[in-house]
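Numbering (the working numbering), first residue to last: 14 to 185.
Idealized CB from N, CA, C, for every residue including glycine.
On a predicted model such as this, the values are computed, not experimentally measured, just so you know.
Some notes on the structure that comes next.
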């Protein structure tokens with residue numbers, strides 16, 4: 014019985030080692046930036062101040078990187094309670110996302126934060142999520158299957174007042 018347990022532990026460890034993910038200790042050549050297909054706009058990011066609610070939420074562009082200035086979590090007025098609100102001392106923000114074509118959309122983050130996409134009165138379930146690739150500035154990627162319409166994108170749980178992010182349509 015113990016040999017099965019240890020065999021499973023070794024196999025799980027091997028899988029974790031075999032998958033390259035973003036890591037601050039990764040051995041990356043100086044100045045290297047590897048971006049996944051469809052996220053090249055990350056390199057041309059623009060500053061954008063987050064809203065505190067849907068009423069003042071700026072539009073999140075699709076295909077362009079953003080250096081978001083977030084607000085204190087205690088000031089947020091979210092359309093739906095976040096799946097992970099973070100600490101009162103943390104930061105977050107609200108943006109709108111306008112989708113013209115049905116498909117899978119990815120939201121990529123440069124640091125840790127919780128992402129909720131809200132449609133009307135419900136939080137949209139994520140389709141997939143994972144880490145950014147090794148040697149890239151992307152820490153987290155979350156995909157959502159979205160129909161045409163306008164959505165709110167809520168970020169909570171950031172430890173810093175700035176967050177690099179990007180929304181992109183995923184090629185089908």
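In the three-state DSSP reduction, residue 86 falls in the helix class (H, G or I). For a cut-off of 8 Å, the C-beta gap from residue 171 to residue 105 is around 6 Å, short enough to register as a contact. Note that the segment 175-184 does not touch the segment 86-97; fewer than 3 beta-carbon pairs, one per stretch, sit closer than 8 Å. CA-CA distance, residue 102 to residue 175, rounds to 14 Å. The beta carbon of residue 114 is closer than 8 Å to those of 161 and 182 in its chain, skipping five residues each way along the sequence. Counting only unbroken stretches of 3 or more residues, the beta strand (DSSP E) elements lying wholly within the segment 59-132 are 59-62, 78-82, 104-112, 116-122 and 127-132, in sequence order.
Residue 139 is positioned such that its CB atom lies closer than 7 Å to that of residue 157.
A straight line joining the alpha-carbon of residue 69 with that of residue 42 spans about 41 Å.
A buried status is given to residue 84, since no fewer than 16 other beta-carbon atoms sit within 10 Å of its beta-carbon. Apart from the 5 residues on each side of it in sequence, residue 62 sits with its Cβ closer than 6 Å to the Cβ of 82 in its chain, given in chain order. Between residue 108 and residue 64 a beta carbon distance of about 7 Å is seen, short of the 8 Å cut, so the two are scored as contacting.
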